[in-house]
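Take a look at the structure below.
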Amino acid sequence: MAVKVIIPTPLRAYAGKQESLEVEAATVGEALSALTRRFGELKKHLYADDGRLRSFVNVYVNDEDIRYLEKDQTHLREGDTISIVPSIAGGRRH
Amino acid sequence: MLRVREELVRRIHAHGVETYPHECCGALLGREADSSREVIDLLQLANRRLDSPRNRFEVTPDDVRLAERTAREKKLDLLGWYHSHPDAPARPSEYDRDHAWPWYSYIIVSVEKGEPCDTRSWRLQDDRSGYEPEVIETAGRVSIS
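See below:
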């Protein structure tokens, strides 16, 4: 089914400068895979080397954090909107 | 180049002093045109990293969405973030690099013994290998990292 993925401003340069795009997917995992297959440069900013989503990258379906749903197995319905929202974290060395 | 009015730099410094010895954090709202950006306003945010606020900060996704909403309402862009390094240089740490995206401007203010002493801006490189210094222009004064 077709779902909309909103691309956060910092990552638009790696997604053809698009604010959002449509992908065909049944789960969140499939949608993100479709996205990174189409735009390979996005992958390193979303996923760590171990293949998991980076700890500061949060994914929402409509307004629900997928961590409280079924994570990347969260099922999608026609017309759902996926948002990618970072947490901002950092700090000094010691 | 990142233009920041002196008054806004003073507000970032004051926030770093207020939260010292803990880290402060906030959002940079402004406009981007061609190769330069201007910070027009700040959104002061709470450091949600309560377990180690002396050497870590966190802006939750809810606060990120609040910053995006605030920027939209003011017809500005969310250009990046600022935070303080209490008693440490105004340079990004490895931890900063692991938790960053390109495009955002990251301003870091070093607060030594409660006094702001150095303010720099950084942009993560496309390949995530490190940061590029971003020149800050403050009311005609230029500081180069």
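So the protein sequences, as listed, match chains A and B. Under our numbering, think of the first position of the first sequence as 1, with each following residue one higher. Under our numbering, think of the first position of the second sequence as 1001, with each following residue one higher. Note that beta-carbon positions come from the ideal geometry of N, C-alpha and C, so glycine has one too. Nothing here was measured: the structure is a model prediction, and the numbers come from that model.
Start-to-end residues for the alpha helix (DSSP H) that takes in residue i
i, result
"D1063(B)", "1061-1073"
"D1096(B)", "1094-1098"
"S33(A)", "28-38"
"T1019(B)", "1006-1019"
"H45(A)", "43-46"
Backbone secondary structure at residue i - three-state DSSP
i, result
"T74(A)", "coil"
"K941(B)", "Because chain B in this structure spans residues 1001 to 1145, residue 941(B) falls outside the shown range and cannot be described."
"K4(A)", "strand"
"L1050(B)", "coil"
"S1036(B)", "strand"
"S1145(B)", "Residue confidence for S1145(B) is low, a pLDDT of 49 falling below 50, so the modelled location carries little weight and cannot support an answer."
"L1076(B)", "coil"
Own chain, CB closer than 8 Å to residue i, minus 5 neighbours either side, in chain order
i, result
"D1126(B)", "P1102"
"E142(A)", "Past the boundaries of the shown model lies residue 142(A); chain A is included only from 1 to 94, so the question cannot be answered."
"Y1106(B)", "G1080, W1081, Y1082, H1083, P1092, D1096, A1100, S1121, W1122, R1123, L1124, Y1131"
"I88(A)", "F56"
"D1041(B)", "L1008, L1029, G1030, K1074, L1076"
Same chain, Cβ closer than 6 Å to residue i, five either side skipped, listed in chain order
i, result
"I66(A)", "V28, V59, T74"
"A34(A)", "V23, A25"
"F1057(B)", "E1023, C1025, N1047, R1049, H1083"
"G1016(B)", "C1024, S1084, V1109, V1111, P1116"
"P8(A)", "I84"
"Y1020(B)", "P1086, V1111, G1114"
"E1137(B)", "M1001, R1003"
Contact test: residue i Cβ vs the ligand MG heavy atom, cutoff 8 Å
i, result
"P86(A)", "With respect to small molecules bound, the structure shown includes none, and the ligand MG cannot be examined in it."
Residues that DSSP places opposite residue i in a beta bridge
i, result
"Q1027(B)", "For the sequence presented, residue 1027(B) should be read as Ala rather than Gln. In the DSSP output, where bridge partners are listed per residue, A1027(B) has L1043(B), W1081(B)."
"R1003(B)", "E1038(B), E1137(B)"
"S1121(B)", "I1107(B), E1134(B)"
"P10(A)", "In the DSSP output, where bridge partners are listed per residue, P10(A) has none listed."
"G91(A)", "Paired residues: none, contrary to the question."
"D65(A)", "Y60(A)"
"P1086(B)", "V1111(B)"
The beta strand (DSSP E) enclosing residue i, as first and last residue numbers
i, result
"E1132(B)", "1131-1134"
"L21(A)", "20-24"
"N58(A)", "57-61"
"I84(A)", "81-86"
Own chain partners of residue i with C-beta closer than 7 Å, once the 5 adjacent residues on each side are dropped
i, result
"A1071(B)", "L1029, D1077, L1078"
"E1053(B)", "Reading off the sequence shown, one finds Pro at residue 1053(B), where the question assumed Glu. So the list reads H1022, E1023, N1047, once near-sequence residues are dropped."
"S20(A)", "K4, V5, I6, I7"
Determine, using beta-carbon pairs with one atom in the segment 35-51 of chain A and one in the segment 10-18 of chain A, whether at least three such pairs fall under 8 Å. With a cut-off of 8 Å, the segment 10-18 of chain A and the segment 35-51 of chain A count as touching, because enough Cβ pairs lie within range.
Take every Cβ of the segment 1003-1010 of chain B, pair it with every Cβ of the segment 74-88 of chain A, and state whether three or more of those distances are shorter than 8 Å. As far as the Cβ criterion goes, the segment 1003-1010 of chain B does not touch the segment 74-88 of chain A, which means the pair count is below three.
Can you find at least 3 beta carbon pairs, one from the segment 1065-1085 of chain B and one from the segment 1012-1031 of chain B, that sit closer than 8 Å? Verdict: yes, contact present.
Given 8 Å, three or more beta-carbon pairs between the segment 1039-1048 of chain B and the segment 1062-1075 of chain B: Cβ pair count under 8 Å is three or more, so yes.
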